[in-house]
Amino acid sequence: MANWRDTGFGAVVMMIWALVTVPLTVLGILLAVPFLGRRRAFFAIGPMFARGMAWFCHIPFTLKGWEHLPEDIREGRQSVIFMSNHESQMDPPILVAALPVPAVYIAKKELKYMPFIGWAGWAAGVIFIDRGDRERAIRSIRDAATQIRGGKNVVIFPEGTRSRSGEMLPFKKGGFALALEAGVPIVPMATVGGFHVLSSGSVRIRPGRYALMVGEPVHPAGYPDRDALMKEVRARIEGLVTEARTSIA
Numbered sequence: 000m001a002n003w004r005d006t007g008f009g010a011v012v013m014m015i016w017a018l019v020t021v022p023l024t025v026l027g028i029l030l031a032v033p034f035l036g037r038r039r040a041f042f043a044i045g046p047m048f049a050r051g052m053a054w055f056c057h058i059p060f061t062l063k064g065w066e067h068l069p070e071d072i073r074e075g076r077q078s079v080i081f082m083s084n085h086e087s088q089m090d091p092p093i094l095v096a097a098l099p100v101p102a103v104y105i106a107k108k109e110l111k112y113m114p115f116i117g118w119a120g121w122a123a124g125v126i127f128i129d130r131g132d133r134e135r136a137i138r139s140i141r142d143a144a145t146q147i148r149g150g151k152n153v154v155i156f157p158e159g160t161r162s163r164s165g166e167m168l169p170f171k172k173g174g175f176a177l178a179l180e181a182g183v184p185i186v187p188m189a190t191v192g193g194f195h196v197l198s199s200g201s202v203r204i205r206p207g208r209y210a211l212m213v214g215e216p217v218h219p220a221g222y223p224d225r226d227a228l229m230k231e232v233r234a235r236i237e238g239l240v241t242e243a244r245t246s247i248a
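Residues 0 to 248 (numbering that gives the first Met the number 0) make up the sequence shown, in order.
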């Protein structure tokens, strides 16, 4: 018997549910800010919403490899940059739901002014990068590096956008420049399943499994430049993606 969520009726129900619950969740976060502070308000409510969304939409997820990370990373004492492939708009909420430590995203400055998305990003402490010109971009990277050294974990999709084919796109160099500037470990990740659940260009959410895998940290200090660092991280992510796809095949 087909899952009702995978029918046209189910697609409409899930779209209406998202249109109602996303604004209400953001409103709840904003109302909690005066009592908890911005980041505590977001991470008290945001992950619960993301897990509830995954349950309602029948998107089970697994996270493998976390137990092999150094204890200071697992416990949140060492800030890191998580770098993952990017298949879908569903990837960010699934990562919010799955990661055991708070982590914020690097996002373009324009998103800061979007209703609900920008407000939630402000509460979470999203690091907005100004890509308007080279000087502002460099200042943004330096400011971001300071925040990361100060204890923020961040998530970067080095492809810069979602893949329309499910295959990894060329990497942008900005995230690796940031890693070298911040001097913190990169944790390579695979985020697999989103291309089926919510493919690029679609608004229909389909039931499906997500597999997330983390690899051993990569320390930027061990590489002569960002090109060498990027090559190593890409190779590790490719290996993790292959393993993750096999696990849900």
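In this text, a Cβ means the ideal position worked out from N, Cα and C, and glycines have one as well.
Note: residue 222 is not bridge-paired with any residue in the DSSP secondary-structure output. Residue 211: member of the beta strand (DSSP E) spanning 209-213, first to last residue.
Here residue 206 carries a coil assignment [DSSP, helix/strand/coil]. Per DSSP, residue 191 is one residue of the beta strand (DSSP E) stretching across 185-191. Bridge pairing for residue 83: 188 [DSSP]. Assignment of residue 28 by DSSP, reduced to helix, strand and coil, places it in the helix class. The alpha-carbon separation between residue 55 and residue 95 amounts to approximately 16 Å. A residue is called buried when at least 16 other Cβ atoms come within 10 angstroms of its Cβ; residue 87 meets this threshold and is buried. Residue environment for residue 201: exposed (fewer than 16 other C-beta atoms within 10 angstroms of its C-beta). Uninterrupted beta strand (DSSP E) stretches at least 3 residues long and entirely within the segment 130-162 occur at 153-155, given in chain order. Going by DSSP, residue 41 is part of no beta strand (DSSP E) but of the alpha helix (DSSP H) stretching over 37-55.
Measuring C-alpha to C-alpha distances from residue 157 to each of 212, 83 and 194 identifies 83 as the nearest. Secondary structure within the segment 59-134: the beta strand (DSSP E) runs of 3 or more consecutive residues, fully enclosed, are 60-63, 80-83, 103-107 and 126-128 (chain order).
In terms of Cβ geometry, residue 66 and residue 100 do not form a close pair [threshold 9 Å].
Exposed is the label assigned to residue 245, since fewer than 16 other Cβ atoms lie within 10 Å of its Cβ. Taking every protein chain shown into account, the CB of residue 90 has 16 or more other CB atoms within 10 angstroms, so this residue is buried. Following the DSSP letters along the chain, one finds residue 174 inside the alpha helix (DSSP H) bounded by residues 173-181.
Between residue 25 and residue 186, the alpha-carbon positions lie close to 29 Å from each other. The segment 10-28 makes contact with the segment 105-120; the number of CB pairs closer than 8 Å reaches 3 or more. Partner residues in a beta bridge of residue 19, as assigned by DSSP, do not exist. One Cα belongs to residue 241, the other to residue 50, and the distance between them is close to 25 Å.
The segment 168-188 and the segment 27-39 do not touch, with fewer than 3 CB-CB distances between them shorter than 8 Å.
Just so you know, the alpha carbons of residue 57 and residue 4 end up roughly 8 Å apart.
Pairing residue 92 with residue 64, the inter-Cα distance amounts to about 19 Å.
Beta-bridge analysis with DSSP links residue 217 to 185.
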